[in-house]
Every structure is written in structure tokens, then in C-alpha cells.
Amino acid sequence: MDVIREMFAEYPMPPAVATAIYYLTRAVMAYGTLILVFPIFAVYQEWKIWASSPTIPNLSPLGCIKVYLFNVIWFTWTFVGSLLLLPLWLLGGCGNSVEKLAHCVVERHGARVCIAAMAGPVVVRGAEHLPPDVSPPGQPAPVYVANHSSQIDVGAVYYLFRRFKWIAKQSVIYLPGVGQIMHLSGHVFIKRTGKNKGSISNLYVKSNEAVQSGVPMFLFPQGTRRLAQRMPFKDGAFNIAIENETQIVPISIDNPLGAFNDLYPLSLLWGGGRTKEPIVMTVHRPIQCRKDTDKAKLKQECYDIIYSVLPDYRTDEEKKRSE
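If you read the sequence shown in UniProt numbering, its first letter stands for residue 1, the second for the next number, and so on.
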């Protein structure tokens, strides 16, 4: 804090202003230190996923370190990015003035840095099935749906080079950097506990507004992360697609079992990174939805399409129960 005091001594200003700036700076710096704390909880959440089934390996100590660094990079990147965008946001009258910059510059590049640094290369198959980034006038934007097995998914989807909005739980907004950049990007927040009818209603209002304005929605319809299990899809994404009579685009994300546990990126030092198994995203043909589309059949169709190209890590008992 001596550096801050010296700065104020070098550039005199009214005491009240100097005091306000001093304590604001201290508050921002203290808040920023949480960047080193919150990733610990992220490691625990990821570890639980990998420890949930005997058919997949547990997250190794090295894997835990890589997950921690993955999150530290993401938190730091978004924290700095949100601070840099703050003046533009204020000058633009707040609101959605920096949504595109926040998503297409800060989020997209930050996510790609995290993936490239800690998870490995990404291969996109079926990119020709992606709808154009800018929807034609009068045509609603598509809804993207994908399986969700790891934190890797959240970064990998930015390799599609498409603008979209997430739906996230309300508590995310308090995360340093991540919460602020998601707010600036205009993502949709919902409450997942208690009496949340108003929150669910707001979810559809905000999602419909985004789709009608030409900004796609991206949802993980299983609602939670699972690698070895296959959860039934929830209605949200399909309600949005049917209500807006737009396309729904199924995407399969295949994360290799060694994504976090291998020696990458250290293996790049001796050339081993060249044989690193990539994260593979498969974009399937869009499905056009109408008001009279059968939602149950649509959900099952997307479920079958997404999992058709993914390895099945379920136990024999889980497979029997799903039959």
C-alpha cells in the first residue's frame, strides 16, 4: 500500500477524493486476492466428477494443480478484462454497451488461453453445420446444446467462434472477474434454490430477447457436470427453441481422460505435446423447431445425436437401468 500512498503524494488532489480513491483501490486489490482462493473450490468440484465412477481415472495431484491453474488464469484474465472495460461501460451509459467486447474479446481469448495452456488442442468437426455468426434480419438466433462433463467444456466452446449467452446461477456474479465479465457480457443469471418462479420467468424473457435480437443461447441441458453418467435433458433449451421457432444445434464435446492428468504442457518441452490427444467438438446438423414441435421427441433426438459420437463410460448397471 506504500506505493499507493506515494502515488497520491506525487499527484496531489483534494483529501476527500484521495481518501476515496485510496480505499477503493485497497478494496479492489483485496477483492482481487480472492482469485487465488476460489479456484480451490473449483478443483474440488472437478475432482468429485472424476471420482464419481470406477470406469474413469481419478484426478491426479498433477491434474488438480492444472485445474487450479486453469481457474487462476481464467479468474485473473476476466478480472483484468472487466477492469479495463469498466471505463468504456460507464462512458457508454452502462447497460449493454460493452456486451460484444466482453464476450468476443475478453471471454473468447481468455478461454482459449486457458484451454491451450492447461488442457490441450481443440478440434472442431462439422463446423460447416454452424449457423452464421450474424443471423439474417428477422430470423431468430439458434440455440446451442451440448453435453457437460468438465470445466474444460466452458472454455472449449469458445473455439466455435460464435457469440452466445450463457445461463448461470446467480451466485456466479460474486466470483472475482468471472461475475463481472459475465454481467458485462449480458449473460442470464437465475436462482436455483428456494422460490424461484420469478427467476425462471426472467430466464425465458432474457433468453427470448437475446434470440430475437440475433444473439444465440448456449445451454448444457443435463443441468450439471457428469463424465461417466448420462443425465436426462431438462426442458429449458428446448422451450426457448420452440417458443422462438428457431434452430437448435446439438454439439458433442469429447474430453480425453488424460486432459488434466497428463504432462501437458510440460510435454511440449520434449515434443510430447505434438501427440497430445485433442478435445473434439462435433457440431451436428441444426434441427428446425416450430410451435408444434414435440418437445419430448426433440429432447430425445438431441440426446441421441449428442451421445452418438461420445465414448460410453457408464457402468454395466447404469447401462441396464437406462434401457
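Yeah, the Cβ is synthetic: ideal placement off N, Cα and C, and Gly gets one too.
The structure displayed is predicted, hence computed values, not measured ones.
Where the alpha helix (DSSP H) containing Asp304 begins and where it ends: Lys295 to Tyr307
The ligand FAD and Glu277: does any heavy atom of the ligand fall closer than 8 Å to the residue's C-beta? Only the bare structure without any ligand can be found here, which leaves the ligand FAD out of the picture.
Can you say whether Val28 is buried or exposed, counting buried as having 16 or more other CB atoms within 10 angstroms of its CB? exposed
Looking at C-beta atoms only, is the number of pairs between the segment 296-315 and the segment 91-109 that lie closer than 8 Å three or more? no
DSSP three-state call for Ser207: helix, strand or coil? helix
CA nearest to the CA of Ser150, picked from Gln288, Val43, Asp316 and Lys319: Val43
Would you say Leu184 and Arg162 are within 9 Å of each other, going by their C-beta atoms? no
Indicate the three-state DSSP secondary structure (helix, strand or coil) for Arg163 in the structure shown. coil
So Phe233 and Tyr303 are in contact, right, with Cβ under 8 Å, and what is the actual spacing, rounded? 5 Å
Could you tell me the distance, in whole angstroms, from the CA atom of Ile56 to the CA atom of Thr315? 10 Å
Grab the span of the alpha helix (DSSP H) containing Pro39 for me, first residue to last. Phe38 to Trp50
Local conformation of Leu263 per DSSP, three classes: coil
What residues in its chain sit with their C-beta under 7 Å from that of Arg225, if we drop five residues either side in the sequence? Ile49, His148, Ser149 and Ser150
Given Gly186 as reference, the closest of Pro216, Tyr159 and Tyr158 once Cα atoms are compared: Pro216
Suppose contacts are defined by Cβ-Cβ distances below 9 Å. Is Gly214 in contact with Ile35 by that definition? no
Quick one: complete beta strand (DSSP E) runs, 3+ long, within the segment 101-163? 122-125 and 143-146
DSSP-derived helix/strand/coil call for Met1: With a pLDDT of 49 at Met1, under the threshold of 50, the predicted position of this residue should be treated as unreliable, though the coordinate-derived value follows. Residue state, collapsed to three classes: coil.
Tell me, please, which residues DSSP counts as bridged to Asp189. Inspection of the sequence shows that residue 189 is occupied by Phe rather than by Asp. Beta-bridge pairing links Phe189 to Ala168.
By alpha-carbon positions, which one of Gly271, Leu203 and Gln180 ends up nearest to Trp89? Gln180
Put Thr25 into one of helix, strand or coil per three-state DSSP. helix
Does Val215 come out as helix, strand or coil in the three-state DSSP assignment? coil
Please state if the CB of Ile251 and the CB of Cys289 are separated by a distance shorter than 9 Å. no
Quick one: grab the DSSP three-state call for Met182. helix
My output table needs one value for Ser252: the three-state DSSP class, helix, strand or coil. strand
Just to confirm, are Thr282 and Asp254 a CB contact at a threshold of 9 Å? yes
Rounded straight-line distance, which links the Cα of Gln229 to that of Glu317: 11 Å
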